[in-house]
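Protein chains: 4
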Amino acid sequence: MKFFTTAELNYQVNGPGTLILNVHALRTSQQAVSSETLIIEPYHKLEEICAVNGENRLIRLKLTENGPLRISYQAIVDHTYTAKNPAELFETPVDQLPPEILPMLYPSRYCQSDKLGRLAGHLFGHLGSAYEKVVAIVDWIHTNVEYRSGFSNVETSAYDTVTQQAGVCRDFAHLGIALCRALSIPARYFTAYAYLLVPQDFHACFEAYLGGEWILFDATKLVPINGLIKIASGRDAADASIANIFGDIQFSSMAVRCDLDDSNFVPLYQ
Amino acid sequence: MKFFTTAELNYQVNGPGTLILNVHALRTSQQAVSSETLIIEPYHKLEEICAVNGENRLIRLKLTENGPLRISYQAIVDHTYTAKNPAELFETPVDQLPPEILPMLYPSRYCQSDKLGRLAGHLFGHLGSAYEKVVAIVDWIHTNVEYRSGFSNVETSAYDTVTQQAGVCRDFAHLGIALCRALSIPARYFTAYAYLLVPQDFHACFEAYLGGEWILFDATKLVPINGLIKIASGRDAADASIANIFGDIQFSSMAVRCDLDDSNFVPLYQ
Amino acid sequence: MKFFTTAELNYQVNGPGTLILNVHALRTSQQAVSSETLIIEPYHKLEEICAVNGENRLIRLKLTENGPLRISYQAIVDHTYTAKNPAELFETPVDQLPPEILPMLYPSRYCQSDKLGRLAGHLFGHLGSAYEKVVAIVDWIHTNVEYRSGFSNVETSAYDTVTQQAGVCRDFAHLGIALCRALSIPARYFTAYAYLLVPQDFHACFEAYLGGEWILFDATKLVPINGLIKIASGRDAADASIANIFGDIQFSSMAVRCDLDDSNFVPLYQ
Amino acid sequence: MKFFTTAELNYQVNGPGTLILNVHALRTSQQAVSSETLIIEPYHKLEEICAVNGENRLIRLKLTENGPLRISYQAIVDHTYTAKNPAELFETPVDQLPPEILPMLYPSRYCQSDKLGRLAGHLFGHLGSAYEKVVAIVDWIHTNVEYRSGFSNVETSAYDTVTQQAGVCRDFAHLGIALCRALSIPARYFTAYAYLLVPQDFHACFEAYLGGEWILFDATKLVPINGLIKIASGRDAADASIANIFGDIQFSSMAVRCDLDDSNFVPLYQ
Numbered sequence: 001m002k003f004f005t006t007a008e009l010n011y012q013v014n015g016p017g018t019l020i021l022n023v024h025a026l027r028t029s030q031q032a033v034s035s036e037t038l039i040i041e042p043y044h045k046l047e048e049i050c051a052v053n054g055e056n057r058l059i060r061l062k063l064t065e066n067g068p069l070r071i072s073y074q075a076i077v078d079h080t081y082t083a084k085n086p087a088e089l090f091e092t093p094v095d096q097l098p099p100e101i102l103p104m105l106y107p108s109r110y111c112q113s114d115k116l117g118r119l120a121g122h123l124f125g126h127l128g129s130a131y132e133k134v135v136a137i138v139d140w141i142h143t144n145v146e147y148r149s150g151f152s153n154v155e156t157s158a159y160d161t162v163t164q165q166a167g168v169c170r171d172f173a174h175l176g177i178a179l180c181r182a183l184s185i186p187a188r189y190f191t192a193y194a195y196l197l198v199p200q201d202f203h204a205c206f207e208a209y210l211g212g213e214w215i216l217f218d219a220t221k222l223v224p225i226n227g228l229i230k231i232a233s234g235r236d237a238a239d240a241s242i243a244n245i246f247g248d249i250q251f252s253s254m255a256v257r258c259d260l261d262d263s264n265f266v267p268l269y270q
Numbered sequence: 001m002k003f004f005t006t007a008e009l010n011y012q013v014n015g016p017g018t019l020i021l022n023v024h025a026l027r028t029s030q031q032a033v034s035s036e037t038l039i040i041e042p043y044h045k046l047e048e049i050c051a052v053n054g055e056n057r058l059i060r061l062k063l064t065e066n067g068p069l070r071i072s073y074q075a076i077v078d079h080t081y082t083a084k085n086p087a088e089l090f091e092t093p094v095d096q097l098p099p100e101i102l103p104m105l106y107p108s109r110y111c112q113s114d115k116l117g118r119l120a121g122h123l124f125g126h127l128g129s130a131y132e133k134v135v136a137i138v139d140w141i142h143t144n145v146e147y148r149s150g151f152s153n154v155e156t157s158a159y160d161t162v163t164q165q166a167g168v169c170r171d172f173a174h175l176g177i178a179l180c181r182a183l184s185i186p187a188r189y190f191t192a193y194a195y196l197l198v199p200q201d202f203h204a205c206f207e208a209y210l211g212g213e214w215i216l217f218d219a220t221k222l223v224p225i226n227g228l229i230k231i232a233s234g235r236d237a238a239d240a241s242i243a244n245i246f247g248d249i250q251f252s253s254m255a256v257r258c259d260l261d262d263s264n265f266v267p268l269y270q
Numbered sequence: 001m002k003f004f005t006t007a008e009l010n011y012q013v014n015g016p017g018t019l020i021l022n023v024h025a026l027r028t029s030q031q032a033v034s035s036e037t038l039i040i041e042p043y044h045k046l047e048e049i050c051a052v053n054g055e056n057r058l059i060r061l062k063l064t065e066n067g068p069l070r071i072s073y074q075a076i077v078d079h080t081y082t083a084k085n086p087a088e089l090f091e092t093p094v095d096q097l098p099p100e101i102l103p104m105l106y107p108s109r110y111c112q113s114d115k116l117g118r119l120a121g122h123l124f125g126h127l128g129s130a131y132e133k134v135v136a137i138v139d140w141i142h143t144n145v146e147y148r149s150g151f152s153n154v155e156t157s158a159y160d161t162v163t164q165q166a167g168v169c170r171d172f173a174h175l176g177i178a179l180c181r182a183l184s185i186p187a188r189y190f191t192a193y194a195y196l197l198v199p200q201d202f203h204a205c206f207e208a209y210l211g212g213e214w215i216l217f218d219a220t221k222l223v224p225i226n227g228l229i230k231i232a233s234g235r236d237a238a239d240a241s242i243a244n245i246f247g248d249i250q251f252s253s254m255a256v257r258c259d260l261d262d263s264n265f266v267p268l269y270q
Numbered sequence: 001m002k003f004f005t006t007a008e009l010n011y012q013v014n015g016p017g018t019l020i021l022n023v024h025a026l027r028t029s030q031q032a033v034s035s036e037t038l039i040i041e042p043y044h045k046l047e048e049i050c051a052v053n054g055e056n057r058l059i060r061l062k063l064t065e066n067g068p069l070r071i072s073y074q075a076i077v078d079h080t081y082t083a084k085n086p087a088e089l090f091e092t093p094v095d096q097l098p099p100e101i102l103p104m105l106y107p108s109r110y111c112q113s114d115k116l117g118r119l120a121g122h123l124f125g126h127l128g129s130a131y132e133k134v135v136a137i138v139d140w141i142h143t144n145v146e147y148r149s150g151f152s153n154v155e156t157s158a159y160d161t162v163t164q165q166a167g168v169c170r171d172f173a174h175l176g177i178a179l180c181r182a183l184s185i186p187a188r189y190f191t192a193y194a195y196l197l198v199p200q201d202f203h204a205c206f207e208a209y210l211g212g213e214w215i216l217f218d219a220t221k222l223v224p225i226n227g228l229i230k231i232a233s234g235r236d237a238a239d240a241s242i243a244n245i246f247g248d249i250q251f252s253s254m255a256v257r258c259d260l261d262d263s264n265f266v267p268l269y270q
């Protein structure tokens, strides 16, 4: 499936600073970027870096001139989503987890899994397999947490959302991650362009490590899981921010799109 | 200087599980492990792994038999500490930071730097250099935070300590890290064996990225900075736990020592 | 039923200060104090005051001499507990609540009912009557929260306990109160001497306003509800502390007892 | 001075419920309400109650019909502000505080004074008198906390504001109260109509118990202290909400005014 993704970000530069953006589509075996363009107005020399896990594709801009700044990213992404057979999504015991997966068991800024052990045990501990647990977590979040713009903010964490039960995609993802880790299932955050998301925006989901690979889950159930174009992964939103701003640079506005020119798309929902 | 470090940890295994221990002295250019022994009673096959940053030396034990478990680690470590000239400890602008350093600017489980921006600006923003800021942070913590066993717990974070102003070495380190990051100075956590620490225990400190390298700070000022034998580093204590326990394994007791057989030791305090 | 209650509290006075103690058994229509003695060693003039709700019986001591301080309180209390008929425990609509009850609907230091609205609605909103809701709250807490000494501390609140699911009687009471208020059921905290509590200690429970009066609930289910001798009520533990200390006065030790010389006692559990 | 105060509140009633409003100007020796009007459209029978401290003037409305609801309150208030001589604002020792004042020493929902003891001691403990401490608290808040709409929300408490250092009048008041109580100075919250507040809105301030009476402080320093028409006091905003809503009643809009027809007004700022 060929997806067209667009992100346009506008800032106001009021002083010298650095902007690190993470809007480039990831290049993976299931996601080929066949074409992409990045325009920065006014022109700035940019640096492409791979950070956090050596995989996320960031750009770093040193800003020295005040005034408006506009970043436009466009990509054509060939994306294949293959639904897994749940029977193959076995749990990897902690003693066999690849060492680089271990940090995805530990608590992080927005995913305080260390505080959710009893609660996760009470709600999901009786379930048989890790896969069943993750599916139950996704369903529990979807049922109990209200999708509500403006309720949470950039400091809201899973510890808040598990009780307050309202938030946006980011909060849903953080809570899913925290509950998985609390059950010793490795989990990580990722950001994506999302086909059919209304209104169009960046999206956030999570992955659990099952069957020896990272399997995608979206507790918001707002969009088809096979219409997600992955941008970046990390422990939580701290690792995979769309933008990290250093200096007096104000965010002004943003426009994001993810389109598909293919009449054969069959939406898959979890 | 030749240091003798010892850690003995006792657990009670009540069911199958996995224990991941991080007590091995790090091998660095300034810290050579000339000899080390690890004894596990009863005998278990262990796996040595490097995790978090590819540098920390962990062992992973799959536990299948119930009963007491005893782990003894002993090492002789040749350690050189070279005090830096503050004049060389320049700040690396964010636009020039090596990409792998960037995550050490982001908030983490116990270091919510995103919430401390205004406070850090008010307290330290007026100071000239990054080095001066870090020194002032260390002094502020040392002056205002009471070293007090039992006040904090494993969930205590920098956001608590900055207000409640009491805690142990781990809390001092987390607060130092959070304040540095809030000022856009990369900072990380590390654990250590500590010569002259009374009572003998594992110690926790932090490092700030200055002059293009990681510079060690200890806001507790309890021990000479040149008597610290590094064990592990990470974003915070979540990355560098002495032990991560999966399964029904109870911690029983611990004994830690760090000795020095050298009459020429000149203690350096920050 | 005639109960014998005893509280002995020991302090170390290190400087001038004031101690406010709230250990006197309440005098109510169901609880008659037939005899009581208070001994303060060394002798201090004390002041008896009624505070918080004009009902709690406090004593206030001005301390000017350093050294050990010992307070012994003994009372014989005639106590009648009458189980209510659930059918009579109707809900009073907010528009008919006596004005002095209204504050018991509002959030307080340890009972952040304002943050628990959605969660309480999800767990208990479907139940028919206020009484059924309170019973379900008590059962939910009893099932999900582990009674565990040393897990929580004096700063722990219902917002913590609802997620972390461990604590002591005080935490159980706070959570019960917060969930009631989140459902617009007035609820308040109270402290008590508790017959058959093992080990003997002060106890904390809560009351919900049902059928036009305050009805007692104990989510710990540790003791018979008809063996509780009430000490003080308030919004939460902030209002009904056993002791409020002003100045450098250290708590040393405490011994509490509640005995009954009556072979006809039939324990009632909720 | 004759002040004209107006509050118009609009709600949308979507189901049966109860609305408790606290917009009436308080009647005190320094504040005489010479005339007042309350209009409720459509007409509802209302009940006037005094709650929290027996002094606040609330109205309670039982709402049974869906649709828009409009409440208009207008009052003419004769208000006298007398600046106190700081020399008379002595501290009342805890052993001499009237019992009804004691709860204003205890932590409350938004004023967790129990967590601020060390910090308050470090910042203000060295100052001589209680009055000097309160003045220093007001100045510290004014200097360090940024007045910023939209930063905080209804759940924000003093524990957040002391670190995050941004908020609105309510947050400034809560922090002032919490710091006073942490130093054993009784403090309470109050709401007011505020002459010269831009934009016009309800205002929140705090009072400290000094010289045997409640003395007014406003850490925002946004308005003259002698142009405040008091509405309600309490432990914190939980006690003195402008509106408490029970049921599905949505707030729509609000307009508040406080005018003065007197050319002799001399604004006093703290």
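Each protein sequence line maps, in turn, to chains C, Y, S and E. If you're matching positions, the first sequence starts at 1 in UniProt numbering and goes up one per residue. If you're matching positions, the second sequence starts at 1 in UniProt numbering and goes up one per residue. If you're matching positions, the third sequence starts at 1 in UniProt numbering and goes up one per residue. If you're matching positions, the fourth sequence starts at 1 in UniProt numbering and goes up one per residue. The beta carbon of each residue, even a glycine, is placed where N, CA and C say it ideally should be.
Practice task
Determine which residues share a DSSP beta bridge with glutamate 207(E) and list them.
Solution key: When DSSP reads this structure, glutamate 207(E) sits in a beta bridge with Arg188(E), Leu216(E).
Problem - Residue-chain proximity (arginine 170(C), chain S), Cβ-Cβ < 7 Å - result: no
Handout entry: Contacts that asparagine 14(C) makes with chain S (C-beta to C-beta distance below 9 Å)
Key = Correct list: empty, because the minimum Cβ distance to chain S is about 36 Å.
Exercise for the section: Identify whether phenylalanine 265(C) lies in helix, strand or coil by the three-state DSSP scheme. Expected result: coil
Problem - Residue range of the alpha helix (DSSP H) that includes lysine 133(Y) - result: Per DSSP, lysine 133(Y) belongs to the alpha helix (DSSP H) from 130–144.
Exercise for the section: Closer than 6 Å by C-beta to phenylalanine 90(C): which residues in its own chain qualify, once you throw out the five before and the five after it? Chain order, please. Expected result: Gly211
Problem - Selection from Phe202(C), Ala51(C), Lys2(C) that minimises the alpha carbon distance to serine 35(C) - result: If we check each option's Cα against that of serine 35(C), Lys2(C) comes out closest.
Handout entry: Under the three-state DSSP convention, the category serine 233(C) falls into
Key = strand
Handout entry: Residue nearest to alanine 243(E) in terms of C-alpha spacing, selected from Asp114(E), Asp218(E), Phe202(E), Leu196(E)
Key = With distances taken between Cα atoms, alanine 243(E) lies closest to Phe202(E).
Exercise for the section: Could you pull the start and end residues of the alpha helix (DSSP H) that aspartate 171(E) belongs to? Expected result: 169–182
Problem - Contact check, isoleucine 49(E) vs arginine 60(E), beta carbons under 7 Å - result: yes
Practice task
Grab the span of the alpha helix (DSSP H) containing valine 162(E) for me, first residue to last.
Solution key: 158–164
Exercise for the section: Indicate whether threonine 18(C) and lysine 62(C) have their beta-carbon atoms separated by less than 7 Å. Expected result: Yes.
Handout entry: Proximity of alanine 120(S) and leucine 183(S) at Cβ, strictly below 7 Å
Key = yes
Exercise for the section: Please check the pair histidine 122(E) and asparagine 144(Y), which I expect to be a contact at CB under 8 Å, by giving their CB distance rounded to whole angstroms. Expected result: Contact between histidine 122(E) and asparagine 144(Y) holds, since their C-beta atoms are separated by about 5 Å, short of 8 Å.
Practice task
Taking the CB atoms as reference points, tell me whether asparagine 22(E) and asparagine 66(E) lie closer together than 7 Å.
Solution key: Cβ distance not < 7 Å, so asparagine 22(E) and asparagine 66(E) don't count as in contact.
Practice task
Look up alanine 240(S) in the DSSP assignment and say whether it is helix, strand or coil.
Solution key: coil
Exercise for the section: Taking only beta-carbon positions, decide if threonine 37(C) is within less than 7 Å of chain Y. Expected result: no
Practice task
Would you please verify whether the beta carbon of asparagine 144(S) is less than 7 Å from any beta carbon of chain C?
Solution key: yes
Problem - Continuous alpha helix (DSSP H) stretch holding glycine 121(Y): start and end - result: 117–124
Practice task
State the Cα-Cα distance for the pair leucine 268(Y) and valine 198(Y), rounded to the nearest angstrom.
Solution key: Valine 198(Y) has its alpha-carbon roughly 16 Å from the corresponding atom of leucine 268(Y).
Handout entry: Helix, strand or coil at alanine 83(S) [DSSP, three-state]
Key = coil
Handout entry: Contact the region 101–112 of chain C vs the region 101–109 of chain Y: 3+ CB pairs below 8 Å
Key = Touching, yes.
Problem - chain S within 7 Å of serine 233(E), Cβ atoms only - result: no
Problem - Buried versus exposed, by CB contacts within 10 Å (16 or more), glutamine 164(E) - result: Glutamine 164(E) is buried by the Cβ-count criterion.
Handout entry: Start and end residues, beta strand (DSSP E) containing alanine 25(C)
Key = That residue, alanine 25(C), is in no beta strand (DSSP E); it is neither H nor E in DSSP.
Practice task
Confirm, please, whether the CB-CB distance from alanine 32(C) to proline 99(Y) is below 7 Å.
Solution key: no
Exercise for the section: Just confirm the distance between the C-beta atoms of phenylalanine 217(Y) and alanine 208(Y), as a whole number of angstroms; I'd bet it's less than 8 Å. Expected result: 6 Å
Problem - Spatial distance of valine 266(Y) from alanine 187(Y) (CA atoms) - result: So the alpha carbons of these two residues sit roughly 27 Å apart.
Handout entry: Pairwise C-alpha distance: leucine 175(C) and valine 162(C)
Key = 7 Å
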